[in-house]
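Peer 1: Here you go, one structure.
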Amino acid sequence: MRSTNSPQATPADWSLALDLSTRINNRHGGSLHQFREALTPSARSQDLGHRGRRQHRLGPLPSFDDENVSLTIVAETVELGWFAVGPAPEGTCLTVSMAAHSKDTGHPAALPLAECDAWMQALLGGPWMAHAYRCECATGAASERVVSYRLFLDQNHKPVAKPQEVLAEACHPLQAS
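For the sequence shown, position 97 (counting from the first letter as 1) is numbered 261 according to the numbering used here, and the numbering increases by one without interruption.
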């Protein structure tokens, strides 16, 4: 199984991720549902103090791959205009970042990409996963231990391909990984 240090997931990793996402949903379905609900447009519109940008956190949660590791998921919604040099289409970008830490020491730990993909699958569900992108845009020491994904949503909060106006060269379609 590949870790966060290797960017490509294999077909075997995808199969494992799908099986694992079912186990994640069985164990954490309620928490994932509440997390998803916090990301909806209606939840964002109720908080007028954070127009254009919102951040949500889930975890720490136990890793399925390593019982000594905890996972934290952070999701941020940002208007697409934040990513464009010029005019941008209406809509938002959902960035989901996953970081793992040792339960004992709190030090950063690596997670297999298959497990990260499984958490993303459990969070988004099948149809939306077809529009997810894995990003390799973080830099510095933490970048090897953080896995980030992006999902671009139109003005109706439906997933779409990355708009041409949006700068995100380091993001690659997840299904093609």
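Glycine is no exception: its CB is placed at the ideal position from the N, C-alpha and C atoms.
Here the structure is a predicted model, which is why all the values come from computation and not from measurement.
Given this structure, state the Cα-to-Cα distance separating R166 from C335, to the nearest angstrom.
Peer 2: The residue you call residue 166 lines up with position 2 of the sequence shown. The residue you call residue 335 lines up with position 171 of the sequence shown. Residue placement at R166 is poorly supported in this model, since its pLDDT is 41, which falls under 50; the coordinates still yield a value, given next. Approximately 19 Å between the Cα atoms of the pair.
Peer 1: By Cβ distance, which residues of its chain are closer than 8 Å to L212, with the 5 residues on each side in sequence left out?
Peer 2: Your numbering for residue 212 matches position 48 in the sequence shown. Residue placement at L212 cannot be trusted, given a pLDDT of 48 that sits under 50; what the coordinates show is reported in the next sentence. Around L212: no qualifying Cβ.
Peer 1: If I follow the unbroken beta strand (DSSP E) through P337, where does it start and stop?
Peer 2: Here residue 337 refers to the residue found at position 173 when the sequence shown is read from its first residue. 335-337 is the extent of the beta strand (DSSP E) around P337.
Peer 1: Give the secondary structure of E201 by DSSP, where H, G and I count as helix, E and B as strand, and everything else as coil.
Peer 2: On the sequence shown, residue 201 is found 37 positions in, with the first residue counted as 1. Correct three-state label for E201: helix.
Peer 1: Would L244 and E329 be called neighbours here (beta carbons separated by less than 9 Å)?
Peer 2: As a working note, residue 244 is residue 80 in the sequence shown. As a working note, residue 329 is residue 165 in the sequence shown. Contact: yes.
Peer 1: Where L331 and R187 are concerned, what is the direct C-alpha to C-alpha distance, given to the nearest angstrom?
Peer 2: Here residue 331 corresponds to residue number 167 of the sequence shown, with the count starting at 1. Here residue 187 corresponds to residue number 23 of the sequence shown, with the count starting at 1. Between L331 and R187, the C-alpha separation is close to 35 Å.
Peer 1: With burial defined as no fewer than 16 other Cβ atoms inside 10 Å of the residue's Cβ, what is the status of S312: buried or exposed?
Peer 2: Sequence index remark: in the sequence shown, residue 312 carries index 148 (1-based). S312 comes out buried.
Peer 1: Going straight from the alpha carbon of L203 to that of P253, what length do you get?
Peer 2: In the sequence shown, residue 203 corresponds to position 39, counting from 1. In the sequence shown, residue 253 corresponds to position 89, counting from 1. Their backbone Cα atoms lie some 20 Å apart in a straight line.
Peer 1: Whose C-beta lies closer than 7 Å to the C-beta of L225 among residues of the same chain, with five residues either side of it excluded?
Peer 2: Stepping through the sequence shown from its first residue, residue 225 is reached at position 61. The residues are H192, S234, L235.
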